[in-house]
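Protein chains in written order, with my numbering: chain Z, 2 to 247; chain A, 71 to 314. Every residue, glycine too, gets a C-beta built ideally from N, C-alpha and C. What you are looking at is a predicted structure, and each value in this text was computed from that prediction instead of being measured. Let me begin by presenting the structure, written as structure tokens, before commenting on it.
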Ligand SMILES: Nc1ncnc2c1ncn2[C@@H]1O[C@H](COP(=O)(O)OP(=O)(O)OP(=O)(O)O)[C@@H](O)[C@H]1O
Ligand SMILES: [Mg+2]
């Protein structure tokens, strides 16, 4: 069984179709990169996977649980899927440690001590243990995004969703975030990443999905996507040549 | 000017004018404090309803805000004190046999509390909206339910952000208690006018009252500033600082 599977998922904002019959599956331990032009529906797609956005047609299964089923306990489902946002979205009134502890205590029911222990171990992993007492605003963008990744990991997720995790960062901070993500991938985490960091995709991804106008135009193994231009659609080719120029 | 007037007793009574004004001040403070608690509780609830996922609750909340915001305060006092009991016979039966001061106090605190709550609701709504959808999504993405999302994420930030306008609102509330004289509540302005009319010492009476109102407003301002500093965290700044 796939970790995440989408079957003919369509979504509309009023009469505007944002997702058009998207079908794909992400296996356990797989790293899949989603790219595509602005407005193509990448964010919407991953928000549908943890039910932050509803969808009107199709089926999404996460670890066998149907996201669209009204019976599904969405809070519990979301707690098991980590999500990292473009603008970090750390809680500004809480210290770094408290950011990591909050959902562990309130959702998983861990005691504060158990949660703190787990949080500090994760902060150690992203190289920020010494920043635990600081507030988000006192950290650099790269540090904030690493805290956000640690916060998502604090829930012991079965999969991680990333929505352009480095596109709000200055170039010198992108590397430190991508390093954390690469390590995570090597450790076997199932990851779905919206990103235009093609270097990262080339090094880490198993597969690349290219989206345009709400449809999945390409869904191919990484090597085929990067090394075999003849296999690419014209749209993907144009898009790729544009972003690779930067 | 004769400041010793405050030590003279009022006709038909053994209280001095100073004591009468002090008792008025007591009602003013009690009224402001009670109304403030009502205003914060109701205002926060309405602000939450306004921004929550339930469309119906949001619409009810919007109507509430418009209702209390658009009717002049003095008319609201009359509606609570004179009109509402007429519309509700059991209430009327209670009112006629109850202590008038208690009824006036109840009407005044409800009136001021709900009037102020509509304004606070708008500040809470604006504050929550200023956080953007990302914070809410981040909280929900971690499995927090809607109540936990408000309790632990949206409201703690919102209240830090809206402390400055909230401070102005508290100062307005203190000043608005004076309108309660219109339904006969023996608060500070009521006693001041009474003293002026009986002794013709308007200057002395109003000088004392003005000073008292200024001291309360200043104290309220300082108290709010103190709380604002105590709960301040780096990177979460209050808005509308110029509103002071
Ligand atoms: N809440 C909304 N209401 C209406 N339309 C929306 C809403 N959110 C997104 N859209 C539209 O849906 C389309 C897809 O948006 P989405 O954010 O998924 O794109 P994206 O691929 O992530 O783009 P970007 O690279 O700019 O982040 C866009 O045309 C956008 O304008
Ligand atoms: Mg996006």
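Any non-hydrogen atom of ligand 3 within 8 Å of residue 195 (chain Z) CB: Absence of ligand 3 is noted for the structure shown, with ligand 1 and ligand 2 being the only ligands found.
Residue 312 (chain A) (DSSP reduced to helix, strand or coil): Residue placement at residue 312 (chain A) cannot be trusted, given a pLDDT of 37 that sits under 50; what the coordinates show is reported in the next sentence. Of the three classes helix, strand and coil, the one that applies to residue 312 (chain A) here is helix, per DSSP.
Where the alpha helix (DSSP H) through residue 107 (chain Z) begins and ends: It spans 97-107 - the alpha helix (DSSP H) in which residue 107 (chain Z) sits, taken as one unbroken run.
N- and C-terminal bounds of the beta strand (DSSP E) containing residue 169 (chain A): It is not in any beta strand (DSSP E) - residue 169 (chain A) carries neither H nor E in the DSSP assignment.
Same chain only: Cβ atoms within 8 Å of residue 217 (chain Z), ignoring 5 sequence neighbours per side: 23, 24, 25, 210 and 211
Residues of its chain near residue 32 (chain Z), where Cβ-Cβ distance is below 6 Å and the 5 sequence neighbours each way are ignored: 186, 192, 205, 206 and 207
Every unbroken alpha helix (DSSP H) within the region 84-127 of chain A, with a cutoff of 4 residues, ordered by chain: 87-121
Cutoff 9 Å: residue 316 (chain A) Cβ touching any chain Z Cβ: A query on residue 316 (chain A) cannot be resolved here, the shown segment of chain A reaching from 71 to 314 and no further.
Unbroken beta strand (DSSP E) run spanning residue 26 (chain Z), endpoints: 17-27
Same chain, Cβ closer than 8 Å to residue 128 (chain A), five either side skipped, listed in chain order: 119, 120, 121 and 122
Residue 166 (chain Z) beta carbon near ligand 1 (any heavy atom closer than 8 Å): Residue side-chain check: residue 166 (chain Z) keeps its Cβ at 8 Å or more from all non-hydrogen atoms of ligand 1.
Bounding residues of the beta strand (DSSP E) (the contiguous stretch that carries residue 212 (chain Z)): 208-213
Ligand 2 heavy atom lying under 8 Å from the CB of residue 44 (chain Z): yes
CB contact below 9 Å: residue 311 (chain A) versus chain Z: In this prediction, residue 311 (chain A) scores a pLDDT of 44, lower than 50, which makes its location untrustworthy; no coordinate-derived value is stated.
Proximity test, Cβ basis, 9 Å: residue 148 (chain Z) and chain A: no
Candidates Z:153, Z:226, Z:79 and Z:52, of which the one nearest residue 99 (chain Z) by Cα: Cα-wise, what sits closest to residue 99 (chain Z) is Z:153.
Backbone CA spacing between residue 228 (chain Z) and residue 172 (chain Z) [nearest angstrom]: 26 Å
Completely contained alpha helix (DSSP H) runs for the region 26-86 of chain Z, where each covers 4 or more residues: 43-50 and 75-80
Buried or exposed (CB count within 10 angstroms, at least 16 for buried), residue 5 (chain Z): The residue is buried, with at least 16 neighbouring Cβ atoms inside 10 Å.
Rounded C-alpha distance that separates residue 96 (chain Z) from residue 203 (chain A): 21 Å
Start and end residues, alpha helix (DSSP H) containing residue 14 (chain Z): Counting along the chain, residue 14 (chain Z) falls outside any alpha helix (DSSP H), though it belongs to the beta strand (DSSP E) covering 5-14.
Cβ neighbour criterion (16 or more within 10 Å) applied to residue 141 (chain A): exposed
Near-chain A residues of the region 70-90 of chain Z (beta-carbon distance less than 7 Å), N- to C-terminal order: The residues in question are 76, 77, 79, 80, 84, 86, 88 and 90.
Heavy atom of ligand 2 within 8 Å of residue 207 (chain A) beta-carbon: no
Inter-residue spacing [alpha-carbon to alpha-carbon] between residue 85 (chain Z) and residue 58 (chain Z): 25 Å
C-alpha gap between residue 189 (chain Z) and residue 21 (chain Z), whole angstroms: In a straight line, the C-alpha of residue 189 (chain Z) is about 30 Å away from that of residue 21 (chain Z).
Proximity test, Cβ basis, 9 Å: residue 136 (chain Z) and chain A: yes
Contact with chain A by residue 208 (chain Z), beta-carbon distance below 9 Å: Using a CB distance cut-off of 9 Å, residue 208 (chain Z) does not count as an interface residue toward chain A.
Sequence-distant residues of its chain with Cβ nearer than 6 Å to residue 116 (chain A) (five each side left out): 131, 134 and 191
Heavy atom of ligand 1 within 8 Å of residue 117 (chain Z) beta-carbon: no
Cβ of residue 152 (chain Z) within 9 Å of any chain A Cβ: yes
Proximal residues, the region 206-231 of chain A versus chain Z, C-beta separation under 8 Å: 207, 208, 209, 210, 211, 212, 213, 214, 215, 218, 222, 223, 226, 227 and 230
Beta carbon proximity, residue 139 (chain Z) to chain A, threshold 9 Å: yes
Heavy atom of ligand 1 within 8 Å of residue 122 (chain A) beta-carbon: no
Alpha-carbon to alpha-carbon, residue 124 (chain A) and residue 7 (chain Z): 28 Å
Residue 218 (chain A) vs residue 209 (chain A) beta-carbon contact at 9 Å: yes
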